[in-house]
């Protein structure tokens with residue numbers, strides 16, 4: 237479920253938190269059943285569980301068996317998931333109480349950000365969210381982008397591995413791209429995805445299908461693959477200037493170490509693998525507000541696999557069950573290269589945008605969440621090898637807690 241979207245589902249209340257449950261161990265089975273050939277495209281959504289926030293107490297940890305619902309929100313019989321979860325409310329205080337803390341976190345030297353994985357590796361995605369938003373508010377994002385690109389290229393010997401890892405820098409870049417690119421995804425993919433869901437045209441070939449049925453399904457699937465690929469490679473006009481700036485900076489940095497074509501390859505890898513393909517696989521999370529039925533999820537996963545291959549300039553093996561898609565997957569290099577050029581080009585007169593027009597940015601809320609995250613991982617402060625940074629973090633978190641305590645004492649007296 238995507239935060240911020242409205243859902244009206246029978247049996248669910250506004251106070252319910254709905255969590256999707258995914259099984260990555262099912263990939264091999266999915267390859268056969270869904271006719272998918274590539275890695276994590278086969279992750280399986282087992283269903284969803286709901287937790288009623290109204291029934292939880294602050295700082296309460298609970299362990300219970302929770303009914304597992306199908307991800308079309310139909311209840312499954314006799315399926316339960318054993319969950320242990322902790323409910324925490326984060327109090328947000330006046331912004332001025334967090335200023336010294338935030339100044340330490342996003343100091344112009346950026347030295348602390350190299351240590352986030354030492355402290356909160358298991359929560360790096362949450363940390364990346366708060367840090368990126370604070371950097372944007374402090375007008376430091378573009379400086380940090382230069383740093384993470386420089387660091388990435390410093391230990392990267394081939395373009396195929398650029399931003400393919402899971403470190404904090406990659407998480408920060410991915411969050412920024414998704415944050416400023418959400419509307420872009422909607423403009424590019426939402427209409428075609430919703431049309432696919434509503435029309436329910438059978439496209440996935442089954443072993444017992446007749447030859448005529450297989451031919452008809454293959455025709456529809458090829459049409460969908462071609463439609464989605466063209467929608468993406470012709471979408472540069474919708475791309476916000478902030479994303480163009482990101483890819484323009486990445487292009488020039490990679491060109492200095494490798495060459496121009498390699499730069500486009502690096503942008504291609506990040507843009508399709510991290511941005512478009514995941515949005516096709518799990519569209520509700522990013523771009524649409526209607527439920528995606530099981531059959532549509534399977535179909536979108538197949539389409540995502542084909543689109544990724546087209547972006548990479550490869551096709552299915554001749555022995556593959558999806559080899560018939562190769563007819564619409566060849567000769568894509570020119571379209572992909574044009575798209576890479578367009579999306580990494582910015583007007584000569586453009587200046588780096590501070591991206592401050594995003595309504596959901598809140599200095600106090602993001603600072604409070606980052607402080608809470610660090611305090612929950614306080615025992616990991618010792619993992620920071622740099623003594624000055626470690627002591628600085630200990631001091632600033634303690635100082636901020638004291639400022640909050642003094643504020644509460646003053647206003648509660």
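In the numbering used here, the protein residues as written are 237 to 649. Just so it is clear, CB atoms sit at the ideal spot from N, CA and C, and this is done for glycine as well.
Close Cβ partners of residue i (< 6 Å) along its chain, the five nearest in sequence each way excluded
i, result
"residue 338", "370, 603"
"residue 368", "408, 411, 412"
"residue 366", "602, 605, 606"
"residue 379", "none"
"residue 419", "none"
"residue 392", "398"
"residue 185", "One cannot answer for residue 185 here, as it falls past the ends of the chain, which runs 237 to 649."
"residue 648", "none"
"residue 615", "none"
"residue 475", "420, 579"
"residue 318", "301"
"residue 644", "none"
Coil, strand or helix - residue i by DSSP
i, result
"residue 316", "strand"
"residue 253", "strand"
"residue 731", "Any answer about residue 731 is impossible in this case: the structure gives the chain only from 237 up to 649."
"residue 481", "helix"
"residue 640", "helix"
"residue 304", "strand"
"residue 376", "coil"
"residue 299", "strand"
"residue 283", "strand"
"residue 583", "coil"
"residue 342", "coil"
"residue 423", "helix"
"residue 495", "coil"
"residue 616", "helix"
"residue 562", "helix"
"residue 263", "Here residue 263 scores only 39 on pLDDT, less than 50, and its place in the model is too uncertain to base an answer on."
"residue 386", "helix"
"residue 553", "coil"
"residue 514", "helix"
"residue 327", "coil"
"residue 487", "helix"
"residue 544", "helix"
"residue 393", "coil"
"residue 442", "coil"
"residue 399", "coil"
"residue 476", "coil"
"residue 632", "helix"
"residue 409", "helix"
"residue 450", "helix"
"residue 333", "helix"
"residue 347", "coil"
Beta-carbon separation (whole angstroms), residue i vs residue j, contact threshold 8 Å
i, j, result
"residue 395", "residue 490", "7 Å"
"residue 464", "residue 516", "7 Å"
"residue 292", "residue 639", "With a Cβ gap of about 28 Å, residue 292 and residue 639 do not count as contacting."
"residue 344", "residue 376", "7 Å"
"residue 257", "residue 285", "6 Å"
"residue 347", "residue 625", "6 Å"
"residue 403", "residue 353", "6 Å"
"residue 532", "residue 433", "5 Å"
"residue 484", "residue 582", "5 Å"
"residue 613", "residue 364", "Contact doesn't hold; Cβ gap of about 14 Å is too wide."
"residue 458", "residue 445", "With a Cβ gap of about 16 Å, residue 458 and residue 445 do not count as contacting."
Cβ shell of residue i (< 8 Å), same chain only, five flanking positions each side left out
i, result
"residue 270", "With a pLDDT of 31 at residue 270, under the threshold of 50, the modelled position of that residue is not reliable, and no figure is offered here."
"residue 543", "461, 464, 465, 468, 508, 512, 513, 516"
"residue 635", "336, 337"
"residue 315", "283, 303, 304"
"residue 252", "286, 287, 288, 289"
"residue 361", "407, 411"
"residue 268", "Below a pLDDT of 50, predicted positions are generally treated as unreliable, and residue 268, at 32, falls in that range; the measurement from the model is reported next regardless. The answer is none, since no qualifying residue turns up."
"residue 622", "347, 351"
"residue 448", "none"
Close beta carbons around residue i, own chain, < 7 Å, minus the five adjacent residues each side
i, result
"residue 547", "504, 508, 572"
"residue 405", "384, 387, 388"
"residue 676", "The requested residue 676 is not part of the displayed model; the chain covers only 237 to 649."
"residue 597", "369, 372, 373"
"residue 562", "551, 552"
"residue 494", "395"
Strand pairing of residue i, partner residues [DSSP]
i, result
"residue 288", "252"
"residue 366", "DSSP lists no partner for residue 366."
"residue 321", "298"
Short CB-CB distance (under 8 Å) between residue i and chain D
i, result
"residue 305", "The structure shown contains no chain D; it is built from a single protein chain."
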